[in-house]
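Since the structure comes first, as structure tokens, the remarks are kept for the end.
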Amino acid sequence: MRKALRLAERGRGRTSPNPMVGALVVDADGVIVGRGSHEFAGGPHAEVHALRDAGERAAGATLYCTLEPCCHQGRTRPCAPAVADAGIARVVVATQDPNPRVAGGGNALLRSRGIDVVTGVLAAEARRLNEAFFSLMERGRPFVTMKVALSLDGRIAAAPGDRTAITGGAANRHVHRQRAEIDAIAVGSGTVLADDPLLTCRVAFRARPLVRVVFDTRLRTPPGARLFSTLSAGPVIIVSTTDAVERRRREAEALTGAGASLFTADEPARLVSALRQLGRDGVNSLLVEGGAGLHAAFWDAGLVDRVQMYVAPRPLGAHGVPWLPAPVVTSPRVAERRAEPIGDDTLIEAYVHWTD
């Protein structure tokens, strides 16, 4: 199963909104005779690749799969019947598929065809691999990562409105590699006004369009912002309120004229509503990059699943802009913490909802 999980990793950044899946066919002597992974959304599933690789050797063999074989017709044919038709005698599954269209149905179909099915092998690792897919299926919203670059004394800028480079080249490359994998990036309108970011992936190769989201309750985003010059990299969505769009029609029309799509999300639970809309549009994972106001809103609403803090080894001083007033990494809501050096900086990562 560990080998199957490593195979599944080959689809990272390519399979969304589908999960990453790996599969191995092992004969009665314990020899791997078929390998497969889900390579891209809309393409053959891992089980199909593994069965094709095994050919006639699949008869009487064991299939190891990191996710329950599907039993519904989507963009490809269901996998569970194909597994049974290939003569597989035993199926070992890491975790049940949370998709309501499957949710145990694939395993039940296999058992009805006389196949021995074992589940729960390395289930936690399999769920972690597809944490974004599980979040959307089980909670109806994307998996949210809150990312911030901090000075040693917890500052995010040298002064209000100052575009401050905090982390070094290695950390910046690490951020762009993550941008190559996630579905969407979010910032607040204050970040657009202060930094005028491109919000693109510029170091690592990205196989799919990248959704850029700006939370802007006052429609302050300038139609001439640089991110509108990069629409070929992916769509730009402005999330505002119904009241703001009605009161500031000229600004709203200017933004749509620049190429933006407008979402409206109102209280109560404005952020939850926005996340559900993004999820319905196929966004499984969202990287919230700033600024502090947006971070605080997500944190206070209990919508952060993972925190990533890139900490530089130098202070910015008392005049620097602080991040959040509440402790994050030491919060009792955090279930797991780890740290690793990245160049001269340190990445501190904390999971919040991962044990749900």
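Residue numbers (this note's numbering): 564 to 919. Cβ coordinates follow ideal geometry from the N, Cα and C atoms, glycine included.
Bounding residues of the alpha helix (DSSP H) (the contiguous stretch that carries residue i)
{"i": "V750", "result": "That residue, V750, is in no alpha helix (DSSP H); its beta strand (DSSP E) goes 747-751."}
{"i": "D648", "result": "642-648"}
{"i": "F706", "result": "Per DSSP, F706 belongs to no alpha helix (DSSP H); it is in the beta strand (DSSP E), 706-713."}
{"i": "Q741", "result": "732-742"}
{"i": "M700", "result": "694-702"}
{"i": "R615", "result": "609-617"}
{"i": "F861", "result": "855-863"}
Distance CB(residue i)-CB(residue j) smaller than 8 Å
{"i": "V755", "j": "A807", "result": "no"}
{"i": "A757", "j": "I729", "result": "no"}
{"i": "A920", "j": "W886", "result": "Because the chain is modelled from 564 through 919, residue 920 falls outside the range shown and cannot be assessed."}
{"i": "G906", "j": "A734", "result": "yes"}
{"i": "D868", "j": "V915", "result": "yes"}
{"i": "V654", "j": "L673", "result": "yes"}
{"i": "A721", "j": "L849", "result": "no"}
{"i": "G599", "j": "V611", "result": "yes"}
{"i": "P871", "j": "T708", "result": "The displayed chain sequence assigns Gln, not Pro, to residue 871. The answer is yes: Cβ separation under 8 Å."}
{"i": "V594", "j": "L626", "result": "no"}
{"i": "D829", "j": "V874", "result": "no"}
{"i": "A571", "j": "G585", "result": "yes"}
{"i": "V766", "j": "R740", "result": "yes"}
{"i": "V776", "j": "I745", "result": "no"}
{"i": "V588", "j": "A567", "result": "no"}
{"i": "E602", "j": "R569", "result": "no"}
{"i": "A747", "j": "R769", "result": "no"}
{"i": "C633", "j": "A643", "result": "yes"}
{"i": "V680", "j": "M564", "result": "no"}
{"i": "L866", "j": "V846", "result": "no"}
{"i": "A881", "j": "E899", "result": "no"}
Of the residues the options, the one placed nearest residue i, counting alpha carbons only
{"i": "M700", "options": "A720, R718, L715, P663", "result": "P663"}
{"i": "R812", "options": "R771, R781, L761, R718", "result": "R781"}
{"i": "T658", "options": "T682, R676, D648", "result": "T682"}
{"i": "L825", "options": "T804, P831, V835", "result": "T804"}
{"i": "A815", "options": "P785, P831, V774", "result": "P785"}
{"i": "H608", "options": "R620, G618, G623, M583", "result": "M583"}
{"i": "G703", "options": "A889, D844, F603, S894", "result": "D844"}
{"i": "R877", "options": "P772, I719, S714, E809", "result": "S714"}
{"i": "L879", "options": "G797, D716, G606, R783", "result": "D716"}
{"i": "L614", "options": "D648, A889, H739, R565", "result": "D648"}
{"i": "E694", "options": "V680, P661, R676, G668", "result": "P661"}
{"i": "T793", "options": "R676, E809, T763", "result": "T763"}
{"i": "P888", "options": "A902, W862, E903, E912", "result": "W862"}
{"i": "G822", "options": "R833, G669, A796, G842", "result": "A796"}
{"i": "P890", "options": "G650, A859, D592, L910", "result": "A859"}
{"i": "S579", "options": "F696, E903, H635, A591", "result": "F696"}
Three-state class that DSSP yields for residue i in the structure shown
{"i": "D679", "result": "strand"}
{"i": "F603", "result": "coil"}
{"i": "T918", "result": "Caution applies to T918, whose pLDDT of 43 falls short of 50 and renders its modelled position unreliable; the value that the coordinates give is listed next. The answer is coil: DSSP assigns T918 none of H, G, I, E or B."}
{"i": "S579", "result": "coil"}
{"i": "G597", "result": "strand"}
{"i": "L568", "result": "helix"}
{"i": "A720", "result": "strand"}
{"i": "R775", "result": "strand"}
{"i": "G574", "result": "helix"}
{"i": "L923", "result": "This structure cannot speak to residue 923, because the chain is shown only from 564 to 919."}
{"i": "D759", "result": "coil"}
{"i": "L790", "result": "helix"}
{"i": "E688", "result": "helix"}
{"i": "T909", "result": "strand"}
{"i": "R783", "result": "coil"}
Start-to-end residues for the beta strand (DSSP E) that takes in residue i
{"i": "G585", "result": "585-589"}
{"i": "F826", "result": "824-827"}
{"i": "L626", "result": "625-628"}
{"i": "A902", "result": "899-905"}
{"i": "Q871", "result": "869-874"}
{"i": "V656", "result": "653-656"}
Cutoff 8 Å: residue i Cβ touching any chain C Cβ
{"i": "N693", "result": "The chain inventory of the structure shown lacks chain C, comprising one protein chain alone."}
Review point. Residue ranges of each alpha helix (DSSP H) run of no fewer than 4 residues wholly in the region 800-848, ordered along the chain?
Key: 805-810, 812-820, 833-843
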